[in-house]
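Contents: one structure, followed by commentary.
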Amino acid sequence: MEGLAIRASRPSIFCSLPGLGGHSQRQPLSDGFLRLPASSNATVNTNLVASSVSFHPLSAVNVSSQASLTADVPALSDNIVWHESSICRCDRQQLLQQKGCVIWITGLSGSGKSTVACALSKALFERGKLTYTLDGDNVRHGLNRDLTFKAEDRTENIRRIGEVAKLFADVGVICIASLISPYRRDRDACRSLLPEGDFVEVYMDVPLSVCESRDPKGLYKLARAGKIKGFTGIDDPYEAPLNCEVVLKHTDVSCSPRQMAENIISYLQDKGYLEG
């Protein structure tokens with residue numbers, strides 16, 4: 001007899017088989033087979049009893065690659081434990097000489113969110129401050145490319161961006177999130193992820209008529225023609241912030257994006273975010 005191989009699915013098990021081959025050793029079954037070595041002095045019995053596994057007669061067992069030898073495996077969530085870093089947030093902030101936070105710019109399409117976000121990032125860079133911008137359209141090219149514009153997907157879109165923005169803030173980076181984010185509850189959920197004060201909501205208070213007259217992407221025109229459904233401001237609501245930190249109004253036509261950015265920077269300076 002050349003030996004008997006019983007096919008088993010991973011994970012591998014260890015068995016002690018006394019009396020086979022004249023020794024009792026625990027061997028890993030790295031290839032998924034339980035191997036019973038041949039012996040000229042021993043007869044392989046189909047009613048073997050191993051120290052850790054019991055076998056029924058082979059004729060009564062349906063052994064296949066799908067067979068499972070595991071039992072009572074704990075749920076994955078039971079094994080997830082937060083791992084603390086040896087470098088804390090305050091260390092990173094000291095290194096960067098700034099405090100991490102999230103600048104969440106919200107408003108209708110065409111209100112100037114992306115333009116102000118770019119001006120803000122440049123102005124802070126000129127001051128030697130590290131920023132990163134999460135633009136709504138840009139994120140949908142990668143991280144959120146699988147999401148539609150249905151209400152439930154828009155909620156998931158905001159949730160993911162909120163979690164990423166939180167990571168940037170924890171690193172000590174000033175994260176600028178620029179996206180419509182039309183639902184108040186979703187923005188509030190992102191605020192709740194961060195310590196008190198680290199979520200700075202900036203509302204681009206620009207009337208729908210002004211945004212529609214700009215229509216930089218031609219989306220309002222398509223929405224009015226019924227070619228786009230669920231478009232914010234047309235057939236889907238926009239819920240303006242109730243207690244945001246900064247409001248940028250469209251009342252002074254001479255107020256440039258750079259000046260709007262400076263208004264946000266003034267807020268950050270007052271709150272100490274531009275210091276280590």
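Residue numbers for the sequence shown follow full-length UniProt numbering, so the first one is 1 and each next one is one higher. Where a beta carbon is used, it is the ideal one built from N, C-alpha and C, also for glycine.
How is residue i classed by DSSP in three states: helix, strand or coil?
i: Ser178; result: strand
i: Phe231; result: coil
i: Lys249; result: strand
i: Ile103; result: strand
i: Val200; result: strand
i: Asp135; result: strand
i: Asp170; result: helix
i: Asp205; result: strand
i: Gly162; result: helix
i: Lys122; result: helix
i: Ser111; result: coil
i: Leu274; result: coil
i: Leu219; result: helix
i: Tyr267; result: helix
i: Pro195; result: coil
i: Ser213; result: helix
i: Glu262; result: helix
Please confirm whether residue i and residue j have their CB atoms less than 8 angstroms apart.
i: Ser109; j: Thr251; result: no
i: Leu193; j: Glu163; result: yes
i: Val247; j: Tyr267; result: no
i: Ala169; j: Val102; result: yes
i: Gln98; j: Leu208; result: no
i: Ala117; j: Ser178; result: yes
i: Ala119; j: Arg224; result: no
i: Val139; j: Ile161; result: yes
Around the C-beta of residue i, are 16 or more other C-beta atoms found within 10 angstroms, so that it is buried, or is it exposed?
i: Asn157; result: buried
i: Asn79; result: exposed
i: Val63; result: Because the pLDDT at Val63 is just 40, under 50, the model does not fix this residue reliably, and the point stays unresolved.
i: Leu167; result: exposed
i: Thr106; result: buried
i: Pro182; result: buried
i: Phe199; result: buried
i: Cys88; result: exposed
i: Lys113; result: buried
i: Arg154; result: buried
i: Asp270; result: exposed
The ligand MN heavy atoms versus the CB of residue i: any closer than 7 angstroms?
i: Ala123; result: Of ligands this structure carries none, so the ligand MN is not represented either.
Which partner residues of residue i appear in the DSSP bridge assignment?
i: Asp236; result: Thr232
Would you say residue i reaches chain B, if we count a Cβ-Cβ gap shorter than 8 angstroms as a contact?
i: Ala123; result: In the displayed structure, chain B is absent; only one protein chain is listed.
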